[in-house]
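Protein chains in written order, with the working numbering: chain A, 187 to 441; chain B, 10 to 297; chain C, 97 to 402.
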């Protein structure tokens, strides 16, 4: 009955008098990238935190693969196949790169409570496969905190992949990256969709990135939905142009 | 038991509570501004009490001199210790607590070395001797004095924090040290001042406590636990919370003695556990 | 490994009784430090309540044997299990809180246990403690007692090793490293914290019970805050993120206590000074420092060869 992997229906959240997210509705189809954009304070991160269970919604409903997942705690969402990355690098900095991914694999395998075997080889193969896939297998033995910023962000995606998610939520995946790192990340995101059939919801500031990866785009403004559609439609939308006047979209157009 | 006797007990509880307030407010201030858990805070209190003992032994009317000098001594010592803590500001809390535990052990032994392990009594100054008839009993003047001193200092603290430039800086630093520093406030210096003021408060608390009970080694551990209970109940980082917590502590303890003498402290532990579970940031604290 | 075992077996035949007793005590303190480290070093939860749990283990054994006439093997089984139950209940309330609030709530419960022991004279003997524990004759001689206690401790430490190295232990370390991250790779953080705390209480109760056997009784001092700081101190001394760190630390603590304590009554001064220096200058601990130097060297070699 449900072709959409994620369905957000009339979701709202207020902090005191501030309506951070105001009756937002959209869907994510399987195997595509959808982006959420909007000026600062538009409610993007709040929306993300609502979907991933870090905040409780005031009203509205979130369904994932037809299941109602509104207000489920983060660890349960992860078990259902929904993984996320964070805006600020959020890893296990004192673990090796391999262990970072292995931790996620062990958890997904349901082996977190096992005490009979040694952890060393549990999920080893899969963790290495993932590192291969994202291009970090050479750094597998490094202490994660010593990696470059760009590599740490890619490792975050690798951690998320350890949960074999069907839907990946990326919070500004290219923030703070050097241009070549950004290209690599964009290529990786495209590959995750084309080769592995993942669905991805992205919050992103870099409009080049947004327009090159997204199938559809949602524009938020002051908590509410301003527009939604294909990149070209969003670009042509007069309201969007007005909100972004002098900001990324127009600048991007001029380039 | 008559109502008078109960009220009388409540009043003594208020006295003890106000004495502890001087300690708890400093503990709370250090946590609120520096984000340091100063487990050694009561050690400054105990040191001041011992200094007071020495000064009153040297001069006939030394108590008043001690009330001025001993807290200053505690503050200076606190200033030195702050320099040690400053190396751990960005570290995990347990490292600060271990440093404090080290200080407790070292100062504890130094106190033993200086003053011996027997308990000490400070003679009550003549002016404060005796009591006033109240509620069918004889309420000691020392308690009235303690309540008066603590209340005066509490009001002064409030005025400084909320009515002066320094107070505004301190509260700003507590809310966002980085931002405050960016605005040109010397946050490092502010930290030393706050730590020293808090130790000075503990020192005053120690000196006036000598009027209510003897001084003995290890007393600091007992007192620090009391102070922790108070700031947990009242809310870490809130001065008003320490006041409320102190009064609750003093009164519950005093009444607990009437009900179940041997388990008076247990009531407070239970109260603290309930607060932690249902209002983890304390009655007047705010989440941070 | 084999050499170590050989030393342990031969030791009581070549040294005097006081040494045998000292090593027995060391074994118990090592177990206590490693049990505590399951909470602090492995899972990253600061607890001040373990003194109370250590005391609980000791008193449960002694009360069961003296007042309940229960044979030692059963009492020795009951002590850790009941302590684990107590720990579970305390932990269930405590894991709702984090950081310093968690620490202070455990402190409160530790003190509650201490106060209960102190005040419930009729059962616990109050500040006189409970003395006159009768040990089965097989275990009565210091040498036999040494072998029995060491065997139990080694089994327990082995169990802790298995736990720490298992996927379960790895999960606990992920929680220590980054709670939010652990949560969003699907780990129910609170549940695992509670499990770790309970396991830690189990072994702490066992250590307390063994200590009561060694001391032939239980005393209020077993349950004080100072007792709760000991394993934390051991962890800081040796390094709490390496498996043998706390064991090494416990060994150093006991030897400092025994040898420096013999020369001066101002042992706390030395201990406190050491602690201050360690926290300020060697926060990883001694074994931890060695391990991280090795790790860094390995990574450098790795990088230069890659």
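Every residue, glycine too, gets a C-beta built ideally from N, C-alpha and C.
_Residue burial classification, residue 188 of chain C (beta-carbon count within 10 angstroms, cutoff 16)_ = Within the third chain, the letter at position 92 stands for residue 188 of chain C. Exposed.
*Taking Cβ positions, are residue 346 of chain C and residue 324 of chain C nearer each other than 8 Å?*
What you label residue 346 of chain C is simply residue 250 of the third chain in a count that begins at 1. What you label residue 324 of chain C is simply residue 228 of the third chain in a count that begins at 1. Going by C-beta atoms, residue 346 of chain C is not nearer than 8 Å to residue 324 of chain C.
_Sequence ranges, beta strand (DSSP E) only - wholly within the segment 53-99 of chain B, length at least 3_ = none
*asked:* Give me the residue from B/12, B/35 and B/16 with the minimum Cα distance to residue 208 of chain B.
replied: Start at 1 with the first residue of the second chain, and residue 208 of chain B comes out as number 199. Checking every option, the nearest Cα to that of residue 208 of chain B belongs to B/35.
*asked:* Buried or exposed, going by whether 16 or more other CB atoms sit within 10 Å of the CB of residue 124 of chain B?
replied: Counting from one through the second chain, the residue named residue 124 of chain B turns up at place 115. Under this definition residue 124 of chain B is a buried residue.
*asked:* Closer than 7 Å between beta carbons: that is the criterion. Which residues of the segment 405-433 of chain A meet it against chain C?
replied: For the segment 405-433 of chain A, which is checked against every Cβ of chain C, not one residue is closer than 7 Å.
*DSSP three-state assignment for residue 270 of chain A, whether helix, strand or coil*: Looking up residue 270 of chain A in the first chain gives position 84. Looking at residue 270 of chain A - three-state DSSP - the assignment turns out to be strand.
_My output table needs one value for residue 231 of chain C: the three-state DSSP class, helix, strand or coil._
Counting from one through the third chain, the residue named residue 231 of chain C turns up at place 135. Here residue 231 of chain C sits in coil by DSSP.
_For residue 276 of chain A and residue 426 of chain A, I'd like the C-alpha separation in whole angstroms._
Numbered from its first residue, the first chain carries residue 276 of chain A at position 90. Numbered from its first residue, the first chain carries residue 426 of chain A at position 240. The straight-line gap from Cα to Cα measures roughly 32 Å.
_Contact under 8 Å by Cβ, residue 327 of chain C with residue 334 of chain C_ = By 1-based counting over the third chain, the position of residue 327 of chain C is 231. By 1-based counting over the third chain, the position of residue 334 of chain C is 238. No, the Cβ-Cβ distance between residue 327 of chain C and residue 334 of chain C is not below 8 Å.
_Three-way DSSP call (helix, strand, coil) for residue 281 of chain B in this model_ = Stepping through the second chain from its first residue, residue 281 of chain B is reached at position 272. Residue state, collapsed to three classes: helix.
*Is residue 209 of chain A helix, strand or coil when you go by DSSP?*
Taking the first residue of the first chain as position 1, residue 209 of chain A is located at position 23. When DSSP states are grouped into helix, strand and coil, residue 209 of chain A belongs to the strand group.
_Pick from A/346, A/359 and A/358 that is closest to residue 384 of chain A, judged by C-alpha positions_ = In the first chain, counting from the first residue as 1, residue 384 of chain A sits at position 198. Per the Cα distances, A/346.
_I'd like the list of long-range same chain contacts for residue 257 of chain B, defined as Cβ closer than 7 Å, with 5 residues on each side in sequence excluded._
As a first step, residue 257 of chain B is located in the second chain; it is residue number 248 there, counting from the start. Excluding positions up to five away in sequence, the list reads 242.
*Along the beta strand (DSSP E) that carries residue 357 of chain A, what are the first and last residues, could you check?*
Indexing the first chain from 1 puts residue 357 of chain A at position 171. Segment 353-357, the beta strand (DSSP E) holding residue 357 of chain A.
*asked:* Would residue 213 of chain C pass as an interface residue toward chain B - the criterion being a Cβ-Cβ separation below 8 Å?
replied: Position 117 of the third chain, counted from the first residue, corresponds to residue 213 of chain C. Chain B, which has no Cβ nearer than 8 Å to the Cβ of residue 213 of chain C, makes this no.
_Helix, strand or coil at residue 392 of chain C according to DSSP, with G and I counted as helix_ = To locate residue 392 of chain C, count along the third chain from 1; it is residue 296. Note: residue 392 of chain C maps to helix in three-state DSSP.
*How would you list, in chain order, the residues of chain E whose beta-carbon sits under 8 Å from the beta-carbon of residue 289 of chain B?*
Absent from the structure is chain E; the protein chains it does hold are A, B and C.
*Per DSSP, cross-strand counterpart(s) of residue 208 of chain C*: Here the question's residue 208 of chain C lines up with position 112 in the third chain. Answer by DSSP bridge pairing: none, since residue 208 of chain C is not bridged.
*Take residue 411 of chain A as the anchor and find which of A/224, A/316 and A/219 has the nearest alpha-carbon.*
Here residue 411 of chain A refers to the residue found at position 225 when the first chain is read from its first residue. Nearest of A/224, A/316 and A/219 to residue 411 of chain A, Cα basis: A/224.
*Does residue 284 of chain A come within less than 8 Å of chain C when only Cβ atoms are used?*
The count along the first chain starts at 1 and reaches residue 284 of chain A at position 98. No, no contact with chain C.
*Those residues which DSSP pairs with residue 404 of chain A across a bridge*: Position 218 of the first chain, counting from 1, holds the residue named residue 404 of chain A. Partner(s): A/222 and A/414.
*Rounded to the nearest angstrom, how far is the Cβ of residue 272 of chain A from that of residue 192 of chain A, given a contact under 8 Å?*
Taking the first residue of the first chain as position 1, residue 272 of chain A is located at position 86. Taking the first residue of the first chain as position 1, residue 192 of chain A is located at position 6. Actually they are not in contact, since the Cβ atoms of residue 272 of chain A and residue 192 of chain A sit about 19 Å apart, beyond 8 Å.
*In its own chain, which residues sit with a C-beta less than 8 Å from the C-beta of residue 438 of chain A, not counting the 5 before and 5 after it?*
Here residue 438 of chain A refers to the residue found at position 252 when the first chain is read from its first residue. Reliability fails at residue 438 of chain A, whose pLDDT of 44 lies under 50, so the model's placement of it is uncertain and no value is given.
_Counting only beta-carbon separations shorter than 8 Å, does residue 279 of chain C have a partner in chain B?_
As a first step, residue 279 of chain C must be located in the third chain, where it is residue number 183. No, residue 279 of chain C does not count as interfacial toward chain B.
*Where does residue 215 of chain C sit, in a helix, a strand or coil, going by DSSP?*
Taking the third chain and counting its residues from 1, the one referred to as residue 215 of chain C is at position 119. Helix, per DSSP.
_At a CB distance below 9 Å, what residues from the segment 105-116 of chain B approach chain C? Give them in sequence order._
Cβ contacts with chain C come from 105, 106, 107, 108, 110, 111, 112, 113, 114, 115 and 116.
*Spell out whether any CB of chain C is found under 8 Å from the CB atom of residue 293 of chain A.*
What you label residue 293 of chain A is simply residue 107 of the first chain in a count that begins at 1. At least one chain C Cβ lies under 8 Å of residue 293 of chain A.
*Determine the direct distance from the alpha carbon of residue 121 of chain C to that of residue 101 of chain C, and round the result to whole angstroms.*
In the third chain, counting from the first residue as 1, residue 101 of chain C sits at position 5. In the third chain, counting from the first residue as 1, residue 121 of chain C sits at position 25. Their backbone Cα atoms lie some 17 Å apart in a straight line.
_C-alpha gap between residue 296 of chain C and residue 144 of chain C, whole angstroms_ = For the purposes of this step, residue 296 of chain C is identified with residue 200 of the third chain, where counting begins at 1. For the purposes of this step, residue 144 of chain C is identified with residue 48 of the third chain, where counting begins at 1. Distance between the alpha carbons of residue 296 of chain C and residue 144 of chain C: 13 Å.
*Taking only beta-carbon atoms, is residue 204 of chain B less than 8 Å away from chain C?*
As a first step, residue 204 of chain B must be located in the second chain, where it is residue number 195. For residue 204 of chain B, the answer is no, since every Cβ of chain C falls outside 8 Å of its Cβ.
_Closer than 7 Å at the beta carbon, the chain C residues around residue 300 of chain A_ = Against the first chain, residue 300 of chain A aligns to sequence position 114. The contacting residues are 262, 263 and 264.
*Those runs of the alpha helix (DSSP H) which lie wholly inside the segment 303-372 of chain C and span at least 4 residues*: 321-334 and 341-351
*Going along chain C, which residues have a C-beta under 7 Å from residue 281 of chain B?*
As a position in the second chain, residue 281 of chain B is number 272, starting the count at 1. Result: 204.
_So for residue 249 of chain A, helix, strand or coil by DSSP?_
Position 63 of the first chain, counted from the first residue, corresponds to residue 249 of chain A. Residue 249 of chain A: strand per DSSP, three-state reduction.
*Is residue 241 of chain A closer than 8 Å to residue 353 of chain A when the C-beta atoms are compared?*
In the first chain, residue 353 of chain A corresponds to position 167, counting from 1. In the first chain, residue 241 of chain A corresponds to position 55, counting from 1. The answer is no: Cβ separation not under 8 Å.
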